[in-house]
Amino acid sequence: MKRALSLLLIAAMVFSLAACAQQPGTKEGEVYKAALLLNGTLGDKSFFDSANDGLVRLKEDLGADVFDFEVEQMGATAADEPKWAPTLLDFCETGEYDVIIIGTWQMIEGLEDAAKQFPDQNLYSLMKPMPLQMERKMFTMYCINKTKFPSW
Numbered sequence: 000m001k002r003a004l005s006l007l008l009i010a011a012m013v014f015s016l017a018a019c020a021q022q023p024g025t026k027e028g029e030v031y032k033a034a035l036l037l038n039g040t041l042g043d044k045s046f047f048d049s050a051n052d053g054l055v056r057l058k059e060d061l062g063a064d065v066f067d068f069e070v071e072q073m074g075a076t077a078a079d080e081p082k083w084a085p086t087l088l089d090f091c092e093t094g095e096y097d098v099i100i101i102g103t104w105q106m107i108e109g110l111e112d113a114a115k116q117f118p119d120q121n122l123y124s125l126m127k128p129m130p131l132q133m134e135r136k137m138f139t140m141y142c143i144n145k146t147k148f149p150s151w
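Quick note on numbering that gives the first Met the number 0: the sequence shown kicks off at 0 and runs consecutively.
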């Protein structure tokens, strides 16, 4: 059930941004592209894995000709932290992603900076609310103690 809810939330987020976006990849016949920037790594059965799994399933269900995504694992150590914001800015600068999804609250300051520099870029935070005056930005809030990685 939680896996289905995770997939549903990711799909709703991607398609709601696609519906209002006026960027490359949203025209009929073009591929909608997402980037998942993780200030951590995959494989620890955390919500990063759930987000990645939802995107994988979305691509499988829709087909690569409709939806594609890229995952950037930036690491979670103190030594990795200085590259988080520049990596986000690099992804924004390419202009090739319809939405860029970030992980935890530690990346919010970089996300706010990216939102100012790239106001037309759709940005999505998995954890932290965004200031309401920031257009084209979305977030998810959930109770971390109510989630778990499915064992099936």
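From the three backbone atoms N, C-alpha and C, an ideal C-beta is built for every residue, glycine too.
Taking 8 Å as the threshold (C-beta atoms), are residue j and residue i in contact?
| i | j | result |
| --- | --- | --- |
| residue 86 | residue 35 | no |
| residue 58 | residue 47 | no |
| residue 90 | residue 32 | no |
Under the rule that 16 or more other beta-carbon atoms within 10 Å means buried, what is residue i, buried or exposed?
| i | result |
| --- | --- |
| residue 44 | exposed |
| residue 62 | exposed |
| residue 28 | exposed |
| residue 78 | exposed |
What's the C-alpha gap between residue i and residue j?
| i | j | result |
| --- | --- | --- |
| residue 72 | residue 60 | 24 Å |
| residue 41 | residue 52 | 10 Å |
| residue 97 | residue 122 | 9 Å |
| residue 112 | residue 83 | 12 Å |
| residue 104 | residue 95 | 24 Å |
| residue 154 | residue 124 | As displayed, the chain neither begins before 0 nor continues past 151, which places residue 154 out of reach and without an answer. |
| residue 64 | residue 30 | 6 Å |
| residue 81 | residue 56 | 31 Å |
| residue 119 | residue 49 | 27 Å |
| residue 110 | residue 117 | 10 Å |
| residue 92 | residue 101 | 15 Å |
| residue 74 | residue 54 | 20 Å |
| residue 76 | residue 39 | 8 Å |
| residue 108 | residue 70 | 20 Å |
| residue 88 | residue 126 | 19 Å |
| residue 99 | residue 106 | 12 Å |
Opposite residue i in the DSSP bridges: which residues?
| i | result |
| --- | --- |
| residue 35 | 70, 100 |
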